[in-house]
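Residue numbers (this note's numbering): 149 to 640.
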């Protein structure tokens, strides 16, 4: 008998990217649904899964994607992607449950959020999460909805927000939500529950999961400080910070853009604790403590072993690439730099794929830092997202205020800008060998939007001449010096 075939939606995201290898370990055949399959090209498990292109907002693609599947995980959430994420999520969930019924799927597993449904003050974010669960369960296919609160793991949105607030601010004035109670749970325990529920009977069921402790956000920050070796934080709650102001403040000191921070801040006023102990009676459910979850997340972050990050999911629909016909006839600016080197192509590739994060931008890092601060102030993503790994890159993941569009090993890297801009921008490097000489080509492309976009480009031309020129030369020099300093070969 063939192993069950399981569809995973959201495989390019934080949870989905970690769930896939665990399903494979349990003997499942896995099919991944992705709007852009190329974003999974360099995942270590890519050769072990089937990937189909599709979108929950496009019903025509869903029936084909679900055909032949036994189970499906619904891990889609559009918060931070669209202004009206509630409506978008309703449509996607409705489309999915109809397609699942059409193919006779045995079960849908959905990861939702804790919170009392009868609470009139339930945030838009939490209300939407639970509405999606109800929409999925309204169809003919049984739905197991796993509801969790704050998920703690390396790269999770909750962990990153907690981490940066605690590390950056030894003294903080905060809204009253720091005294709100929640029940944080480790990512490893969420994944264990998501896989274990497939052994449960196929009925509509809501399972509430949480760690062994109920803590306030203030207590969580103080425990984080202890585990990170920081001094005890001074936290002063005040009643005057509005959600809008709080989200701007969080956007300034954490990697979260305001489009993600605002709904999360609104949700912090709601207690998210387990009120139904059903999971403990159905499964061998023994979650680790919050302190241990923080310790594990810190160890993985420090050792650069982060599997996935919250920012892996794109914050906006992809723009056309600068080479696409859609730009034909439109205005396009370019800054192109070509540098010749005696270094091997793989060494030049190694140098430019280390860009950003702790390595920086090969000079004038203060200017890039200032651009990141400005971006955070106006609601952009800023530079605080950093990198998942100091050398390895995968298509689709975030890198500071860029998104990795394409990686061709030993050949090229294309980044798309996600900072606030009056247009669309890309930064690309490619390397070619010509006999004994290697040629590095660095291209910055900008497609302006209106007059403001054109003025923006012209104002920066003098700075580009200095910054981009130095960047290309120093990348070539770093590649040439790689063997001298004994760097190991690129492992991506």
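C-beta atoms are modelled at their ideal positions from N, C-alpha and C, and glycine is treated no differently.
Exercise for the section: Measure the alpha-carbon distance for residue 538 versus residue 214 and round it to whole angstroms. Expected result: By one-based count along the chain shown, residue 538 stands at place 390. By one-based count along the chain shown, residue 214 stands at place 66. Computed Cα separation, rounded: 37 Å.
Practice task
Quick one: give me the first and last residue of the beta strand (DSSP E) that residue 550 is part of.
Solution key: Position 402 of the chain shown, counting from 1, holds the residue named residue 550. Its beta strand (DSSP E) spans residues 550 to 556.
Handout entry: Assumed close pair residue 314, residue 381 - CB separation to whole angstroms, cut-off 8 Å
Key = Working through the chain shown from its first residue, we reach residue 314 at position 166. Working through the chain shown from its first residue, we reach residue 381 at position 233. Indeed, because the Cβ distance is near 6 Å, the residues count as touching under 8 Å.
Problem - Short Cβ contact (9 Å threshold) for residue 713 with residue 222 - result: Because the chain here runs from 149 to 640, residue 713 falls outside it and cannot be looked at.
Practice task
Kindly identify the DSSP beta-bridge partner or partners of residue 585.
Solution key: Along the chain shown, one-based indexing puts residue 585 at 437. Under DSSP, residue 585 takes part in a beta bridge, and its partners are 582.
Exercise for the section: Just confirm the distance between the C-beta atoms of residue 405 and residue 529, as a whole number of angstroms; I'd bet it's less than 8 Å. Expected result: Locating residue 405 in the chain shown gives position 257, where the first residue counts as 1. Locating residue 529 in the chain shown gives position 381, where the first residue counts as 1. So it is a contact: roughly 4 Å between Cβ atoms.
Handout entry: Straight-line gap, residue 624 to residue 562 (C-alpha atoms, nearest Å)
Key = Along the chain shown, read from residue 1 onward, the residue named residue 624 stands at position 476. Along the chain shown, read from residue 1 onward, the residue named residue 562 stands at position 414. Those two C-alpha atoms are separated by around 17 Å.
Exercise for the section: Taking 8 Å as the threshold, find out whether the stretch 356 to 367 comes into contact with the stretch 434 to 450 through three or more Cβ pairs. Expected result: Here the stretch 356 to 367 makes contact with the stretch 434 to 450; the two share three or more CB pairs at distances below 8 Å.
Exercise for the section: Determine, using beta-carbon pairs with one atom in the stretch 324 to 338 and one in the stretch 365 to 375, whether at least three such pairs fall under 8 Å. Expected result: Enough Cβ pairs lie closer than 8 Å, so yes.
Handout entry: Reduced DSSP secondary structure (H/G/I, E/B, other) of residue 223
Key = For the purposes of this step, residue 223 is taken as residue 75 along the chain shown, with counting starting at 1. Residue 223: coil per DSSP, three-state reduction.
Handout entry: residue 261 and residue 295 closer than 9 Å at C-beta
Key = On the chain shown, residue 261 is found 113 positions in, with the first residue counted as 1. On the chain shown, residue 295 is found 147 positions in, with the first residue counted as 1. Yes, they are a contact pair.
Practice task
Determine the contact status of residue 587 and residue 580, defining contact as a CB-CB distance below 9 Å.
Solution key: On the chain shown, residue 587 is found 439 positions in, with the first residue counted as 1. On the chain shown, residue 580 is found 432 positions in, with the first residue counted as 1. Yes; because the gap between Cβ atoms is below 9 Å, this pair is in contact.
Exercise for the section: Classify residue 187 as buried or exposed, calling it buried when 16 or more other Cβ atoms lie within 10 Å of its own Cβ. Expected result: By one-based count along the chain shown, residue 187 stands at place 39. Buried.
Handout entry: Beta-bridge pairing of residue 333 - partner residues as DSSP gives them
Key = In the chain shown, residue 333 corresponds to position 185, counting from 1. 299.
Handout entry: residue 442 - containing alpha helix (DSSP H), residue span
Key = One-based indexing of the chain shown puts residue 442 at position 294. Where residue 442 is concerned, the enclosing alpha helix (DSSP H) stretches over 438 to 450.
Practice task
Report yes if the C-beta distance between residue 532 and residue 403 is below 9 Å; otherwise report no.
Solution key: The residue you call residue 532 lines up with position 384 of the chain shown. The residue you call residue 403 lines up with position 255 of the chain shown. Result yes, Cβ atoms of residue 532 and residue 403 sit closer than 9 Å.
Problem - Boundaries (first-last residue) of the alpha helix (DSSP H) holding residue 251 - result: Translated into positions along the chain shown, residue 251 becomes position 103. Note, residue 251: alpha helix (DSSP H), 233 to 251.
Problem - C-beta contact flag for residue 567 and residue 513 at 9 Å - result: Translated into positions along the chain shown, residue 567 becomes position 419. Translated into positions along the chain shown, residue 513 becomes position 365. Cβ atoms of residue 567 and residue 513: not closer than 9 Å.
Handout entry: Per-residue burial, residue 226 [other beta carbons within 10 Å of its own, 16 or more giving buried]
Key = Along the chain shown, read from residue 1 onward, the residue named residue 226 stands at position 78. Buried, since its Cβ has 16 or more Cβ neighbours within 10 Å.
Practice task
Leaving out five residues on either side along the sequence, give the residues of the same chain with a beta carbon under 8 Å from the beta carbon of residue 151.
Solution key: Sequence index remark: in the chain shown, residue 151 carries index 3 (1-based). Excluding positions up to five away in sequence, the list reads 175, 176 and 177.
Exercise for the section: Whole angstroms is fine: what's the gap from residue 503's alpha carbon to residue 608's? Expected result: Reading the chain shown from its first residue, position 355 is the one you call residue 503. Reading the chain shown from its first residue, position 460 is the one you call residue 608. About 21 Å.
Exercise for the section: Could you say which of 348, 610, 376 and 385 lies nearest to residue 364 if we only look at CA atoms? Expected result: Along the chain shown, one-based indexing puts residue 364 at 216. Of 348, 610, 376 and 385, the residue nearest in Cα terms is 385.
Problem - Separation of residue 553 from residue 544, as counted between CA atoms - result: One-based indexing of the chain shown puts residue 544 at position 396. One-based indexing of the chain shown puts residue 553 at position 405. Rounded to the nearest angstrom, the gap between the Cα atoms of residue 544 and residue 553 is 6 Å.
Practice task
Determine which residues share a DSSP beta bridge with residue 650 and list them.
Solution key: One cannot answer for residue 650 here, as it falls past the ends of the chain, which runs 149 to 640.
Handout entry: Sequence-distant residues of its chain with Cβ nearer than 7 Å to residue 311 (five each side left out)
Key = Working through the chain shown from its first residue, we reach residue 311 at position 163. Excluding residues within five positions, the ones whose Cβ falls inside 7 Å are 372.
Practice task
State yes or no: is the C-beta of residue 349 nearer than 8 Å to some heavy atom of the ligand NAD?
Solution key: The ligand content of the structure shown is nil, which means the ligand NAD is not present either.
Practice task
Check residue 193 in the structure and name its three-state DSSP category.
Solution key: Your numbering for residue 193 matches position 45 in the chain shown. Coil.
Problem - Extent of the continuous beta strand (DSSP E) run through residue 256 - result: Here residue 256 corresponds to residue number 108 of the chain shown, with the count starting at 1. For residue 256, the enclosing beta strand (DSSP E) starts and ends at 255 to 261.
Exercise for the section: Look up residue 410 in the DSSP assignment and say whether it is helix, strand or coil. Expected result: Position 262 of the chain shown, counted from the first residue, corresponds to residue 410. Helix, per DSSP.
Problem - Residues bridged to residue 489 (per DSSP) - result: Sequence index remark: in the chain shown, residue 489 carries index 341 (1-based). The partner list for residue 489 (beta bridge, DSSP) reads 586.
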